[in-house]
Structures are given as structure tokens and as C-alpha cells.
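>
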Amino acid sequence: MAATAASSFSAAAAAAARRSSPSHLRLLARRHLPFSSTVSFSAAAPPAAAASFGWEDALRVAADDRRGDESDLSGYFRKVDTCNRGMDKKGEFVEFMVEDQVVGYIHQGFVEHLRDFHDVFTIASGSNGNNNVEHVTLHSSLRTPDERTNAVGSVIRSLGDLIPGIRNELFPITSSYGMPVYFSLERAAAPFFGIKAYGVHMNGYVEKESQKFLWIAKRSDTKQTFPGMLDHLVAGGLPYGISCEENVIKECEEEAGIPRSISSNATSVGAISYMDIEGFRYKRDVLFCYDLKLPPDFVPNNEDGEVDSFRLIPVPHAANIIRRTHFFKPNCNLVIIDFLFRHGYINPDYLGYLKLLQSLRRGVAEGGSLSMELWMDSSSLILYLFFFWKTGDSTGFEYEHK
Numbered sequence: 001m002a003a004t005a006a007s008s009f010s011a012a013a014a015a016a017a018r019r020s021s022p023s024h025l026r027l028l029a030r031r032h033l034p035f036s037s038t039v040s041f042s043a044a045a046p047p048a049a050a051a052s053f054g055w056e057d058a059l060r061v062a063a064d065d066r067r068g069d070e071s072d073l074s075g076y077f078r079k080v081d082t083c084n085r086g087m088d089k090k091g092e093f094v095e096f097m098v099e100d101q102v103v104g105y106i107h108q109g110f111v112e113h114l115r116d117f118h119d120v121f122t123i124a125s126g127s128n129g130n131n132n133v134e135h136v137t138l139h140s141s142l143r144t145p146d147e148r149t150n151a152v153g154s155v156i157r158s159l160g161d162l163i164p165g166i167r168n169e170l171f172p173i174t175s176s177y178g179m180p181v182y183f184s185l186e187r188a189a190a191p192f193f194g195i196k197a198y199g200v201h202m203n204g205y206v207e208k209e210s211q212k213f214l215w216i217a218k219r220s221d222t223k224q225t226f227p228g229m230l231d232h233l234v235a236g237g238l239p240y241g242i243s244c245e246e247n248v249i250k251e252c253e254e255e256a257g258i259p260r261s262i263s264s265n266a267t268s269v270g271a272i273s274y275m276d277i278e279g280f281r282y283k284r285d286v287l288f289c290y291d292l293k294l295p296p297d298f299v300p301n302n303e304d305g306e307v308d309s310f311r312l313i314p315v316p317h318a319a320n321i322i323r324r325t326h327f328f329k330p331n332c333n334l335v336i337i338d339f340l341f342r343h344g345y346i347n348p349d350y351l352g353y354l355k356l357l358q359s360l361r362r363g364v365a366e367g368g369s370l371s372m373e374l375w376m377d378s379s380s381l382i383l384y385l386f387f388f389w390k391t392g393d394s395t396g397f398e399y400e401h402k
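Per the UniProt record's numbering: the sequence shown = residues 1 to 402.
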């Protein structure tokens, strides 16, 4: 039935509806789309242009020890900032609520695209008579997760290429990680609803002669997002119905050909997070980080066609690539910087050490409201409490709220 739904609303029909502009045409098109517990979407937008560098370029930069000082953290800060843009635009978003819980944030401009779908979304305006949107909720008639998933899914289909990069992969919507699931949402739509999305990234490393090396992947040029860029050995979104551990094992097999007998030894080492606003999109991502020490003679082999090739690189060389180039997929930079902290490659005596450490978890706060996110991020509080517990003194804590 899902396939019938997708084919009955072709990309051409969607484009024609948008060109003729009256929003009721989209509404009419939506009403002819049958609901299905398996949500399928129209074709995704064409992939971005592939990165123009090759391994030769990356390895040349990596091995060049003549430039810069390893204690200079400015290159790392720039990569963190790349994942945390547009925070001055938070006021343009309103809360998206389900069962009186804040689950996301929607740009006021994007809310206008949802107004016709009054049997799916309820848009609450100001109580003082103005037309300012206060928050958005799901219609009270949508009582079960399946009903909500299907209804919101049909809206996304109707919006067509307003939401590009459809993956046909559902993310669970909760108030915070591990809490009951209110409904599931197409992964590509998550930033448009300001949903907190979760993923797993794994550092696959090798030790040889007292030196550590990282396995680095180069993404396929046909990948829809960040084609041709450098990536982790293993990484992936965390879809509905699978644990972090099982997702790591699954991705290890698909992306690098790592058997369960090895991947089951991957160790959970924490999480990084970031918040990025661009136009109507509010990305609030949390990446659970894993380390896996691999046998020295292990060679990865991609199984799903999403990786072009792999290289084993000394950890300091990977650090050089991060500091000096934009070759890595942006969020991979943060996970590898976290690895550098934990494995002693970033020294506490380096200027900005604590500030960089806390910046890796700007979006980790769970639940709450937008006003709380504007007040402070929980990573700063966690670091403060840890520092005070260890030293009994708060005067030396480097805190700068942004």
C-alpha cells in the first residue's frame, strides 16, 4: 500500500501543485494518499556535488608537520562552530508539542506550510488577540503512535521537495532519549520539526609499535549527503526499534565488513551534540560515541556501496586534517576531537582546553523548553559540577556561555 501511495503522488504532480501555488491543491493531493503503517516517500532530491579532493591531497596535508603548533586549538574551534551556526535565530522558532511535552521546534515560516493540514496540526496563536504563533501540536484526534506517524507522513509527502533528501528511514519522536515514543518521523524531516535526532559514530583504531592509527573512510561520490568527504569507519543514524549497541554492530557489518565477533567489543565512551540553524532547519543532533580497537591486520571492506575506500592514518595526521581542512564530514570532526581528548592528544595545558571540551556538547540538554536552551546548555553545568567535585573550588572554571 505504501508503494501505491508514493506512486499515486508523483514528483511531477507535486511540482505542478506547488507551481500553481494555492495551498488547497496540496491539501487535495494529500487527501488521496492512503495511510499506511509503513510510510514511504517520494524520490529524494539529486545528490550534492562530490568533494573535489582525493586521498593524495588529504595525506599530503596530514603528513605536513611544518605548519602550526599542536597546542593551537583554533582549528578545532572552527570545526565546532561549523556545526553550531545560527543560534541567534532561535527566537524565530516555536515549540512543537505532543501530549504536553516539547519534542521539537518549528520555524514560524515553516508553520505557514502546515496551516492547511488542520486535521493533523493544531496551531495555537497568542491569547491576547494577536496572530503570533505560540506553539504547534498534533490534532487531538491522533491518539496512537501509528495514527500520528501516518498522518504526519502524509503531510511530508504532500510538501514534496520542500523537504529534500527523503531517505524512507523513520526516527522515533520522544521528549528525551529512552522515553516513550509518541510517533515516528521521516529522518530528512527531523530538522524541519526541530526534533532531536540520535546517531552512533565509531572510532575504529589500531595500535602498532606504541602508536595509534585511525581507520578513515572516504564517502562514495554518489552519496546524497556529503559525497566524497572523509568519514568515520562506521557511523549511522539511530532508527526506531534498535538499541545503540545493536546499531553499531549492524553498521559495522554493512559499512566496514566487521564481523560481530569483533564489533561486539566496541566500547561506549560518551556522546557529543550540536545545534545548527539554517533557514527553516533546526538540527539538534546527539551522537553516541564508540571506540573499537581493531586487530592490526584487519582491513575493512564496505558492504553497502556507501564508501569509496578506506585508509589507515596515524592519529596525529587525522588531527592535522581536521585542523587545516574541511575534508571531513562536519559532525565527524567533533567525534574525532572527542577521541583526541580521551586518548591524550589534546593536553590540559593547551589554551582553551576546557572551553573546547564543553563546546562538544552544546546540544545535550534533554526535554525542557526553548527558553531553557537559551538560558544555558547542560554540558556547562555538568563540567562545572565535575570541576567543583574534583577541586572544591569554582573560581578556576572556564565558563563562557554562548
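For every residue, glycine included, the Cβ atom is placed at its ideal position computed from N, Cα and C.
Return the CA-CA distance between Arg324 and Tyr290, expressed in angstroms with no decimal places.
25 Å
> If you check the beta carbons only, do Leu287 and Gly199 fall under 8 Å apart?
Yes, these two residues count as a Cβ contact at 8 Å.
> Straight-line CA distance for Leu357 to Asn150?
The alpha-carbon separation between Leu357 and Asn150 amounts to approximately 41 Å.
> Report buried or exposed for His343, applying the criterion of at least 16 other Cβ atoms within 10 angstroms of its Cβ.
That one is exposed.
> Got a sec? Which residues, its chain only, sit under 6 Å from residue 430 by beta carbon, not counting five neighbours each side?
Outside the shown range of the chain (1 to 402) lies residue 430, about which nothing can therefore be said.
> Taking the alpha carbon of Ile262 as the point to measure from, which residue in Gly204, Val136, Val80 has its own alpha carbon closest?
Gly204
> What residues in its chain sit with their C-beta under 8 Å from that of Met202, if we drop five residues either side in the sequence?
His232, Leu233, Val234, Ala235, Val248, Glu251, Cys252, Ala266, Cys289, Tyr290, Asp291, Leu292
> Exposed or buried, which one is Lys402 when buried takes at least 16 other CB atoms within 10 Å?
With a pLDDT of only 35 at Lys402, under the threshold of 50, the placement of this residue in the model should not be trusted; the figure read from the coordinates follows. With fewer than 16 Cβ atoms within 10 Å of its Cβ, Lys402 is classed as exposed.
> Between Leu360 and the rest of its own chain, which residues show a CB-CB distance below 6 Å, the 5 nearest in sequence each way excluded?
For Leu360, where only same-chain residues beyond five positions count, the Cβ hits under 6 Å are Ile272, Leu334, Asp338.
> Closest to Val80 by CA distance: which of Ala63, Met275, His118 is it?
Residue Met275 is the option with its Cα nearest to Val80.
> By Cβ distance, which residues of its chain are closer than 8 Å to Leu230, with the 5 residues on each side in sequence left out?
Ala58, Ile216, Ala217, Lys218, Arg219, Ile321, Phe327, Phe328, Lys329, Cys332
> Decide if the stretch 108 to 117 is in contact with the stretch 298 to 307; the criterion is three or more beta carbon pairs, one per stretch, under 8 Å apart.
no
> Please give me, in chain order, every unbroken run of the beta strand (DSSP E) with length at least 3 that falls completely inside the stretch 104 to 142.
121 to 125, 133 to 138
> Take Glu209 and list the residues in its own chain whose beta-carbon comes closer than 6 Å to its own, dropping the five residues that flank it on each side.
Contacts found: none.
> Rounded to whole angstroms, what is the Cα-Cα separation between Glu147 and Tyr282?
25 Å
> Are the CB atoms of Ile173 and Ser184 nearer to each other than 8 Å?
yes
> If you draw a straight line from the C-alpha of Glu92 to the C-alpha of Glu278, how long is it?
11 Å
> In this structure, does DSSP put His317 in helix, strand or coil?
helix
> Which whole-angstrom value is the C-beta distance of Val136 and Phe96, which I expect to be below 8 Å?
About 5 Å separates the two Cβ atoms, so the contact holds.
> Would Gly237 pass as a contact of Arg187 if the rule is Cβ separation under 8 Å?
yes
> Does the beta-carbon distance from Gly104 to Ile163 come in below 8 Å?
no
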